[in-house]
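In UniProt numbering, the protein residues as written are 1 to 173. Think of the CB as a built atom: it goes at the ideal place given N, C-alpha and C, for glycine as much as any other residue. Just so we're clear, the structure is a prediction, and the values are computed from it rather than from any experiment. Note sheet for the following structure.
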């Protein structure tokens with residue numbers, strides 16, 4: 001899921017509040033991502049990063065949520081940028097993608113390999129998605145790898161990604 005909206009609602013709590021909010025978001029076609037609900041200073045706070053369908057603008061989403069019976073509601077619906085897809089990058093020789101279960105130090109460990117082979121990261125984009133019972137982290141690198149070192153660099157990346165249980169793929173530009 002590529003979240004394109006963040007919804008934050010603060011209002012007086014009541015029975016059925018979460019059901020009403022999530023039901024309305026379902027009705028407009030929103031696909032919820034990371035979502036939380038908490039009580040703070042006698043206020044109910046609901047937050048979600050979600051994907052709105054093309055047929056529902058930010059303003060329409062806010063309007064739909066605002067129609068719910070909520071007392072003392074403060075509603076913020078804002079657009080957020082999805083992680084960019086890397087299809088090309090000036091100066092890059094390879095596009096590399098690694099994805100798998102999120103783990104600490106993932107980008108650091110992968111990017112250290114480029115140093116060994118005198119490869120320069122030209123662009124990088126990373127995103128996380130919730131899939132089934134796991135947080136999947138995808139990192140895309142556009143890299144300039146010296147031709148004479150490319151095969152070894154890619155082999156090392158593939159081995160490291162494999163040891164981290166990541167799916168590894170690359171395209172030569």
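query, result
"Look up residue 125 in the DSSP assignment and say whether it is helix, strand or coil.", "strand"
"Do you know how far the Cα of residue 67 is from the Cα of residue 41?", "24 Å"
"Taking its Cβ as the centre, do 16 or more other Cβ atoms sit within 10 Å of residue 70, making it buried, or is it exposed?", "buried"
"With a Cβ-Cβ cutoff of 8 Å, do residue 18 and residue 65 count as a contact?", "no"
"When the distance is taken between beta carbons, is residue 61 closer than 8 Å to residue 33?", "no"
"Ignore the nearest five residues each way along the sequence and tell me which others in residue 136's own chain have a CB closer than 8 Å to its CB.", "99, 100, 101, 102, 128, 129 and 130"
"So, for residue 161: in the same chain, excluding its five sequence neighbours on each side, which residues have a beta-carbon less than 6 Å away from its beta-carbon?", "98 and 168"
"Candidates 21, 39, 158 and 87: which alpha carbon is nearest residue 142's?", "87"
"Rounded to a whole number of angstroms, what is the C-alpha to C-alpha distance between residue 112 and residue 6?", "33 Å"
"Is it buried or exposed for residue 80, if we count other Cβ within 10 angstroms and need 16 for buried?", "exposed"
"DSSP on residue 161, reduced to helix/strand/coil?", "helix"
"Does DSSP put residue 109 in a helix, in a strand, or in coil?", "helix"
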